[in-house]
Amino acid sequence: MRGLGLLAAWAAAWFVVLERHGGYSWHYFAHGSSLLFGGHPAGLTGAGGLQLYGSYPQYQIGPLAFVVAAGLGPFGLVVSQLFMVALGAVVLLSPDPPLGLG
Numbered sequence: 341m342r343g344l345g346l347l348a349a350w351a352a353a354w355f356v357v358l359e360r361h362g363g364y365s366w367h368y369f370a371h372g373s374s375l376l377f378g379g380h381p382a383g384l385t386g387a388g389g390l391q392l393y394g395s396y397p398q399y400q401i402g403p404l405a406f407v408v409a410a411g412l413g414p415f416g417l418v419v420s421q422l423f424m425v426a427l428g429a430v431v432l433l434s435p436d437p438p439l440g441l442g
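The numbering of the sequence shown is my numbering, which starts it at 341 and goes up by one.
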């Protein structure tokens with residue numbers, strides 16, 4: 341359990357540091373979800389939709405994450421970040437957590 345406490349403190353500290361700037365990689369989620377559902381953020385001219393991964397190989401995120409990001413988008417960046425951090429905690433507290441952190 342000590343490891344989870346340290347991990348929670350680490351996640352909270354980085355949330356405070358990065359929250360003002362939208363995190364380091366949130367734009368990948370926002371742009372990718374927009375592209376997946378037919379939008380084209382400024383500067384992105386390649387095909388989206390099902391051609392997303394062929395047009396933009398830098399998006400190495402699964403489509404489920406883009407669907408979740410699209411659903412969280414209307415709630416704002418901070419709520420989205422808090423949800424993703426909480427989801428990580430759920431995974432770590434699952435009956436069979438990864439990396440032996442349980």
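Glycine is no exception: its CB is placed at the ideal position from the N, C-alpha and C atoms.
The C-alpha of P435 lies about 35 Å from the C-alpha of L375.
For L422, the closest alpha carbon among the candidates R360, G343, G345 and L344 is that of R360. In terms of Cβ geometry, L392 and G372 form a close pair [threshold 9 Å]. A residue is called buried when at least 16 other Cβ atoms come within 10 angstroms of its Cβ; L412 meets this threshold and is buried. Residues G388 and G389 of the same chain have their beta carbon placed closer than 8 Å to that of G378, with the five preceding and five following residues left out of the count. For Y368, the three-state secondary structure derived from DSSP is helix. Per DSSP, A429 is one residue of the alpha helix (DSSP H) stretching across L417 to L432. About 18 Å separates the beta carbons of A382 and A409, which is beyond the 8 Å limit, so they are not a contact pair. With a contact defined as Cβ atoms closer than 8 Å, L344 and L432 qualify at about 6 Å.
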